[in-house]
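Under our numbering, the letters of the sequence shown match residues 1 to 171, in that order. The C-beta atom is built at its ideal place from N, Cα and C for all residues, glycine as well. In this text, all values refer to a predicted model and were calculated from it rather than measured experimentally.
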Amino acid sequence: MSTIDIATQKHTSLAEEMRQGLRRFGKAVVVVTAWHENKRWAMTATAVSELCMDPPSLLVCINRSASLYSPLTTGANFCINILHAEQEAIANNCFGAIKGEKRFSEGCWDSAACGTPYLRGAQASFICEYEQHVEYGTHAIVIGAVKEVQLYGDVAPLIYLDGRFTKAVAA
Ligand SMILES: Cc1cc2nc3c(=O)[nH]c(=O)nc-3n(C[C@H](O)[C@H](O)[C@H](O)COP(=O)(O)O)c2cc1C
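The structure is reproduced here in structure tokens:
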């Protein structure tokens, strides 16, 4: 399916239009972490949301091709760490060519009682128990029951907007 941009008269595919639309969807940047098969796992993500308060729950959308996919869909507890605006280096360290344990080389990491790694100094860390997941297209939507929340510092999250990292400015 394609549509025409009235201003430029250019044909664009729906996928390209969706990409362009999502560039305007400012999202808080998180690192999702897990403890699985005696290893720590971490991945930068933005497709994360609160689900509901009753029961307290969050969701994360994870690509089948990501190394964290298997831990998250086979029941590992996980943590959603919302990054501070000054933690861009951690976001850059937790995707792409840097793999496995090396993703923990930036930042101060600790472990919750259940073994799940969490980031000290993150805006907020939500430690979750795996509840269920739903497969959809290339991704799985993983639902976690929030068991513990750590908060740190003032509200100043790292934001991903228009294809780059930026800061949220309070009005
Ligand atoms: C800002 C940003 C947001 C991302 N959000 C997600 C996401 O929500 N879900 C996802 O599966 N991958 C997301 N990714 C891609 C993964 O971080 C990346 O593909 C990662 O390298 C996959 O993990 P692996 O290298 O361990 O396989 C995002 C990447 C960036 C830079």
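Cβ-based burial, residue i [other Cβ within 10 Å; buried from 16]
{"i": "V32", "result": "buried"}
{"i": "G137", "result": "exposed"}
{"i": "G115", "result": "exposed"}
{"i": "M53", "result": "exposed"}
{"i": "G75", "result": "exposed"}
{"i": "F126", "result": "buried"}
{"i": "N93", "result": "buried"}
{"i": "L151", "result": "exposed"}
{"i": "E106", "result": "buried"}
{"i": "N77", "result": "buried"}
{"i": "A45", "result": "buried"}
{"i": "N38", "result": "exposed"}
CB of residue i within 8 Å of CB of residue j, strictly
{"i": "A34", "j": "L59", "result": "no"}
{"i": "Y160", "j": "G144", "result": "no"}
{"i": "A156", "j": "R103", "result": "no"}
{"i": "C61", "j": "P117", "result": "no"}
{"i": "A113", "j": "L83", "result": "no"}
{"i": "E88", "j": "L158", "result": "yes"}
{"i": "V29", "j": "A91", "result": "yes"}
Which of helix, strand or coil DSSP assigns to residue i
{"i": "K102", "result": "helix"}
{"i": "G144", "result": "strand"}
{"i": "A34", "result": "strand"}
{"i": "E88", "result": "helix"}
{"i": "L58", "result": "strand"}
{"i": "T46", "result": "coil"}
{"i": "N63", "result": "strand"}
{"i": "T12", "result": "strand"}
{"i": "R24", "result": "coil"}
{"i": "T74", "result": "coil"}
{"i": "Y152", "result": "coil"}
Distance cut-off 7 Å: residue i Cβ against heavy atoms of ligand 1
{"i": "S67", "result": "yes"}
{"i": "K99", "result": "yes"}
{"i": "Y160", "result": "yes"}
{"i": "V29", "result": "yes"}
{"i": "T46", "result": "yes"}
{"i": "N77", "result": "no"}
{"i": "C95", "result": "The sequence as given places Phe at residue 95; Cys does not occur at that position. True, at least one ligand heavy atom lies under 7 Å from that Cβ."}
{"i": "M43", "result": "yes"}
{"i": "N38", "result": "no"}
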